[in-house]
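Residues in the sequence shown are numbered from 1 upward in steps of one, following our numbering. Note that CB positions come from ideal geometry on N, CA and C, so glycine has one too. Note that the coordinates shown come from a computational prediction; the quantities given were computed from them, not determined experimentally.
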Amino acid sequence: MSYVKHVIAKDSPGEKVLLLGNEAIARGALESNIEIAASYPGTPASEIIDTLALIAEDFGIHVEWSTNEKVAFEVAIGGALCGKRSMASMKHIGANWIVDSLMHAVYHGFNSALLIISADDPSGHSSANEQDNRYLANMAEIPVLEPSNAQEAKDFVKIGVEISEEVRLPVMIRMVTRICHSKGVVILGNLNRISKTPKFYDDYYKDFVLNDNIVGPRAVPKMHEILHKKLEKIEEIAKRFQLFKEENGEGYYEDIGIISSSVAVSYILDYIKHRELNGKIKLLKLGLTHPFPKNIVSKFIKDLKKVLVIEEGEPFIENNLKIIAKEENPKLEILGKLTHHLPREGELNYSIIDNAISKVLNLEPEAPPREKLIFLEKVSKILTPRTLTMCAGCPHRAAYYAAKKALRLLKKPEYIAIGDIGCYTLGMYSPLRFMQDVFGMGGSIGIANGVFQSKIGVPVIATIGDSTFYHAGIPALINATFNKANIKVMILDNFVTGMTGYQPHPGTGKTAMGLETKKVKIEEICKACGIDMIKIVDPYDQESSIEAMKEILNFPGPAVIIFRRICAQVRLRMARISGEKIVKCFIDKEKCNGCKTCIINFGCPAIGFDLKNKKAFIDVNNCVGCGVCIYVCPNNAILR
C-alpha cells in the first residue's frame with residue numbers, strides 16, 4: 001500500500017498528517033461523502049483525481065478522467081441530479097470549457113451537492129495565462145470559497161458540500177498553485193461513508209416545463225429571480241460556517257486594516273509574527289469572496305482610514321470593496337493592486353507582502369540577509385541560460401525533426417505551423433522552432449483552418465497531442481473536411497497525457513481507476529471525420545517518417561499523420577520495473593568532427609559538447625537509447 005493511499009484512506013479522526021493541498025481536497029471529498037469525481041488532467045489540479053483514484057474502489061467512489069472538462073462537469077451534474085454528491089476538478093483554464101453547461105446549471109437546481117474545484121495558476125507556472133476564476137464565478141452567480149492552507153482545503157470541501165445542498169447551487173472552491181502544491185498539516189475528520197440510493201431530481205421539469213403558467217421565455221426571468229434569492233442567503237450561511245475571521249488590532253495601527261483571502265493570508269500571518277505585530281493590526285480574512293460579504297466587510301471598514309487589500313490574482317476583492325466603501329466609508333483610502341502597492345501580474349510572495357504592508361505602516365521593509373545576496377550573485381554567474389526543452393528520447397522531438405526535413409526536401413522552407421497544449425508545445429523553442437504560435441486546447445486544428453482559408457499560399461500544419469485530440473481536436477478536424485481546408489495535421493501519439501503526470505486517456509485502454517476499457521483509436525476517428533489520407537509512423541524510424549510527411553504535404557486535401565511512439569519517460573519506467581537493460585548511444589570521437597549538427601539542429605539534452613576537445617558527447621545517465629541521433633549525425637559518429 002502506497003504512502004498516499006494509506007494517509008488519504010486512514011480512518012483516524014483527530015490524527016495530524018502532512019498533505020498536499022490537492023491531497024487535502026481529496027481527503028475532504030472522502031469525508032464529505034462525494035460519490036462521483038471527474039476531471040481532465042491539468043496542472044496544478046491533477047493530483048486531486050490521481051489521489052482519489054488510488055482509493056476509489058475501497059470507498060465506492062466513481063472517479064474518472066473525462067475526455068475534457070466540459071464532459072467532467074456534466075458527469076458531475078448527472079451525479080448531482082441523481083442525489084449523488086459530485087465534484088468536478090480542473091485547472092483554471094479548464095474551467096473555460098464548462099461555462100456553457102454551468103450557465104444553465106445555476107438555473108436548474110440539484111438533488112445533491114455539486115462542487116467545482118478550480119486550481120488557478122498565478123504566474124502561469126504551467127499555464128498559458130493567469131486568469132482569475134472568481135470572475136467566472138461572478139458571471140455564473142455561484143458561491144466561491146477560498147482556502148488559505150491545506151487544512152482549509154479539506155474543510156472547505158465539506159463546507160462547500162453543505163452550502164451547495166442548502167441553496168441547490170454549484171459551489172466553486174478556488175485553489176491556487178501554492179496551496180495545491182504545498183504540504184501542510186491536516187487534522188483528519190470522520191469517514192462516515194454513506195451511499196445514497198439514486199433518485200433523479202425533476203423539480204425543474206415539473207416547475208418550468210409542465211407548468212402552463214410559466215413556460216418558454218417567461219421561465220427564464222423567474223429562474224433568474226430564484227437564483228438571486230439563493231445568493232442573498234449565502235453570507236449568513238457562510239457566517240454560520242465561520243468563513244470570516246477577524247483579528248482586532250489595537251494601538252498605533254487601529255485605523256489601518258488588511259483584507260485578504262487565499263494563500264496571501266498565510267504570508268500575512270508570517271509577516272505579523274516575524275515583525276512582532278500580533279494584536280497590533282486589524283486583519284479580515286475572507287473564506288467566501290463571492291457573493292461578496294457586504295455586511296461583514298462594511299462592519300470591518302466602518303472606522304478605518306486605510307485598508308490594504310492583499311489577494312492572489314486580479315483585484316476582485318479590491319473592486320468590490322470600492323463599491324461598498326462608497327456607501328459605508330467614503331473617505332476610506334483603499335490600497336492594493338490598483339494603487340500599485342502590489343503587482344497585478346505574477347504571484348505573491350513574502351517579500352512582496354513585506355514591502356506592501358511595511359509601506360502602509362511606515363516601516364522599513366526587511367532586507368534580504370547578506371549571505372543570501374552573496375549566494376545569489378555567485379549562482380547567477382555560473383548558471384547557463386537555457387530554453388525549455390523536451391526530455392531525452394522524446395518521440396515528439398523526432399517527429400518535428402522529420403517534419404522539418406520533409407519540408408526541406410520538398411523545397412518548402414516557408415510554412416505555418418500552429419501548435420497546441422502539451423509536452424509537444426516545447427517544439428516552439430530552440431533548436432527545433434517548428435511552430436510559430438500556440439493557443440488553447442484543440443486550437444491548433446481550428447486555427448489552421450482559418451490560416452488556410454486566408455489563402456496564405458504556404459503549407460499549413462497543425463500539431464496536436466493524443467490526449468488533446470480527444471479533448472478538443474475532433475470538431476475542428478471535421479470542419480477541415482466540411483469546409484475543404486487543405487491542412488496537414490500532425491497527431492503526436494505517445495499513449496499518455498504526459499505533461500500533467502502520465503494520466504490515461506481514451507486511447508490507452510485504462511481508466512483513472514486502472515480498470516480495463518475499450519481503446520478508442522485515433523485513426524478510426526480521423527477516418528470517421530472524413531479524412532482520406534491518414535499515415536501512421538514511428539517517429540524513431542526517421543526515413544519512414546520523412547517519406548510519410550512528404551506524402552501528406554503533397555496530398556491535395558486535409559490529411560493526418562500520426563506519429564506513434566510511447567513516451568520516453570514511461571518507457572524508461574517500464575524498463576526499470578521489468579529489469580530490462582537500456583542500450584545507450586555513444587559518440588566515436590575519431591569520427592566526430594565537432595560540426596554540432598546533433599546539438600544545433602536536433603537538441604537532445606543527453607548530447608553535450610566538450611569545448612576543450614571540440615567534440616560532442618552523450619551523457620549516459622540521460623540517454624534513453626532511442627537512437628534517433630544516429631540518423632541525425634552526418635558523419636556516422638554516433639553508435640550504440
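Could you say which of Glu524, Ile487, Cys567 lies nearest to Pro504 if we only look at CA atoms? Your numbering for residue 504 matches position 504 in the sequence shown. When each option's Cα is compared against that of Pro504, the closest is Cys567.
Just how far apart, CA to CA, sit Ser126 and Asp207? Translated into the one-based positions of the sequence shown, residue 126 becomes position 126. Translated into the one-based positions of the sequence shown, residue 207 becomes position 207. Cα-Cα distance, rounded: 44 Å.
If you draw a straight line from the alpha carbon of Cys526 to that of Thr67, how long is it in whole angstroms? In the sequence shown, counting from the first residue as 1, residue 526 sits at position 526. In the sequence shown, counting from the first residue as 1, residue 67 sits at position 67. Those two C-alpha atoms are separated by around 16 Å.
What first and last residue would you give for the beta strand (DSSP E) that runs through Arg564? Stepping through the sequence shown from its first residue, residue 564 is reached at position 564. 559-564 is the extent of the beta strand (DSSP E) around Arg564.
Determine the DSSP secondary structure at His62, reduced to helix, strand or coil. Residue 62 sits at position 62 when you count from the first residue of the sequence shown. The answer is strand: DSSP assigns His62 an E or B state.
Within 8 Å, strictly: CB atoms of Gly442 and Pro41: Here residue 442 is taken as the residue at index 442 of the sequence shown, counted from 1. Here residue 41 is taken as the residue at index 41 of the sequence shown, counted from 1. Their beta carbons are not under 8 Å apart, which means Gly442 does not touch Pro41 by this criterion.
DSSP three-state call for Ile374: helix, strand or coil? Counting from 1 along the sequence shown, the entry for residue 374 is found at position 374. Note: Ile374 maps to helix in three-state DSSP.
Kindly list the residues whose CB is nearer than 7 Å to the CB of Ala29, restricted to its own chain and excluding five residues on each side of it in sequence; keep chain order. Counting from 1 along the sequence shown, the entry for residue 29 is found at position 29. Hits under 7 Å: Ala37, Leu52, Met87, Val157.
Which residues in the same chain have their Cβ closer than 6 Å to the Cβ of Glu414, if we skip the five residues on either side of it in sequence? In the sequence shown, counting from the first residue as 1, residue 414 sits at position 414. Within the same chain, Glu414 has close Cβ partners Val458.
According to DSSP, simplified to helix, strand and coil, what is Ile290? One-based indexing of the sequence shown puts residue 290 at position 290. The sequence given here places His at residue 290; Ile does not occur at that position. Here His290 sits in strand by DSSP.
Around the C-beta of Gly530, are 16 or more other C-beta atoms found within 10 angstroms, so that it is buried, or is it exposed? Numbered from 1 along the sequence shown, position 530 holds the residue referred to as residue 530. Exposed.
Have a look at Ala26, Phe200, Ser123, Asn278 and flag the residue whose alpha-carbon is nearest the alpha-carbon of Met155. Taking the first residue of the sequence shown as position 1, residue 155 is located at position 155. It should be noted that the sequence gives Asp, not Met, for residue 155. Answer by Cα proximity: Ala26.
Reducing DSSP to helix, strand and coil, say where Ser2 ends up. Within the sequence shown, residue 2 is the residue found at index 2, counting from 1. Unreliable positioning characterises Ser2 in this predicted model, as indicated by a pLDDT of 45, which lies under 50. The coordinate reading is nonetheless provided below. The answer is coil: DSSP assigns Ser2 none of H, G, I, E or B.
What's the gap between the Cα of Lys412 and the Cα of Asn601? Position 412 of the sequence shown, counted from the first residue, corresponds to residue 412. Position 601 of the sequence shown, counted from the first residue, corresponds to residue 601. Going by the C-alpha atoms only, they are around 17 Å apart.
Secondary structure of Phe617, DSSP reduced to three states: Working through the sequence shown from its first residue, we reach residue 617 at position 617. Phe617 falls in the strand class under three-state DSSP.
Under 6 Å Cβ to Cβ from Glu130, same chain only, skipping five residues before and after it: list those, please. Within the sequence shown, numbered from 1, the residue matching residue 130 stands at position 130. Correct list, in chain order: Pro122, Gly124.
With a Cβ-Cβ cutoff of 8 Å, do Val171 and Ile179 count as a contact? The residue you call residue 171 lines up with position 171 of the sequence shown. The residue you call residue 179 lines up with position 179 of the sequence shown. Taking 8 Å as the Cβ cut-off, Val171 and Ile179 do not qualify as a contacting pair.
Report, in whole angstroms, the separation of the C-beta atoms of Glu312 and Leu348, which I expect to be a contact under 8 Å. To locate residue 312, count along the sequence shown from 1; it is residue 312. To locate residue 348, count along the sequence shown from 1; it is residue 348. With 8 Å as the limit, Glu312 and Leu348 qualify as a contact, their Cβ atoms being about 6 Å apart.
Spatially closest choice to Met223 from Gly109, Lys305, Glu246, by CA coordinates: As a position in the sequence shown, residue 223 is number 223, starting the count at 1. Here the closest residue by C-alpha is Gly109.
Could you have a look at Val496 and say whether DSSP puts it in helix, strand or coil? The residue you call residue 496 lines up with position 496 of the sequence shown. Coil at Val496, not helix or strand.
Tell me which same chain residues have a C-beta within less than 7 Å of the C-beta of Ile77, skipping the five on either side of it? Start at 1 with the first residue of the sequence shown, and residue 77 comes out as number 77. Result list for Ile77: Ser101, Ala105, Leu114, in chain order.
Cross-strand partners of Leu608 (DSSP beta bridge): Position 608 of the sequence shown, counting from 1, holds the residue named residue 608. As written in the sequence, residue 608 is Gly, which differs from the Leu given in the question. According to DSSP, Gly608 bridges with Phe617.
Three-state secondary structure (DSSP) of Ser298: Along the sequence shown, read from residue 1 onward, the residue named residue 298 stands at position 298. In the structure shown, Ser298 sits in a helix (DSSP, three-state: H, G or I).
With DSSP run on the structure shown, which of helix, strand or coil describes Ile173? As a working mapping, residue 173 is identified with position 173 in the sequence shown. DSSP places Ile173 in strand when its eight states are reduced to three.
Buried or exposed: Ser578, going by 16 or more other Cβ atoms within 10 Å of its Cβ? Residue 578 sits at position 578 when you count from the first residue of the sequence shown. The residue is exposed, with fewer than 16 neighbouring Cβ atoms inside 10 Å.
Do Leu288 and Ile234 have their beta-carbon atoms positioned less than 8 Å apart in this structure? For the purposes of this step, residue 234 is taken as residue 234 along the sequence shown, with counting starting at 1. For the purposes of this step, residue 288 is taken as residue 288 along the sequence shown, with counting starting at 1. Their beta carbons are under 8 Å apart, which means Ile234 touches Leu288 by this criterion.
Alpha helix (DSSP H) runs wholly inside the segment 9-55, at least 4 long, in chain order: 21-31
Mind reading off the beta-carbon distance from Glu35 to His62? Whole number of angstroms is fine, and I expect it under 8 Å. Here residue 35 corresponds to residue number 35 of the sequence shown, with the count starting at 1. Here residue 62 corresponds to residue number 62 of the sequence shown, with the count starting at 1. Contact holds; Cβ gap of about 7 Å.
So Val185 and His290 are in contact, right, with Cβ under 8 Å, and what is the actual spacing, rounded? Reading the sequence shown from its first residue, position 185 is the one you call residue 185. Reading the sequence shown from its first residue, position 290 is the one you call residue 290. About 28 Å separates the beta carbons of Val185 and His290, which is beyond the 8 Å limit, so they are not a contact pair.
Could you compute how far the alpha carbon of Phe244 sits from the alpha carbon of Glu146? The residue given as residue 244 occupies position 244 in the sequence shown. The residue given as residue 146 occupies position 146 in the sequence shown. So the alpha carbons of these two residues sit roughly 11 Å apart.
C-beta contact flag for Phe434 and Ala417 at 8 Å: One-based indexing of the sequence shown puts residue 434 at position 434. One-based indexing of the sequence shown puts residue 417 at position 417. Contact flag set, yes.
What is the rounded straight-line gap between the Cα of Val379 and the Cα of Pro369? To locate residue 379, count along the sequence shown from 1; it is residue 379. To locate residue 369, count along the sequence shown from 1; it is residue 369. The straight-line gap from Cα to Cα measures roughly 16 Å.
Bridge-paired residues (DSSP) for Met533: In the sequence shown, residue 533 corresponds to position 533, counting from 1. Met533 pairs with Ala559.
Just to confirm my understanding: we take Thr43, look at its own chain, exclude 5 residues before and 5 after, and list those with CB closer than 7 Å. What are they? As a first step, residue 43 is located in the sequence shown; it is residue number 43 there, counting from the start. Scanning its chain for C-beta atoms nearer than 7 Å, with the 5 sequence neighbours on each side dropped, one finds around Thr43 the residues Lys91, Ser126, Thr500, in chain order.
Inter-stretch contact (C-beta, 8 Å, three-pair minimum) for the segment 536-551 and the segment 507-516: no
Where Tyr267 and Ile353 are concerned, what is the direct C-alpha to C-alpha distance, given to the nearest angstrom? The residue labelled residue 267 in the question sits at position 267 within the sequence shown. The residue labelled residue 353 in the question sits at position 353 within the sequence shown. Approximately 7 Å, taken between the alpha carbons.
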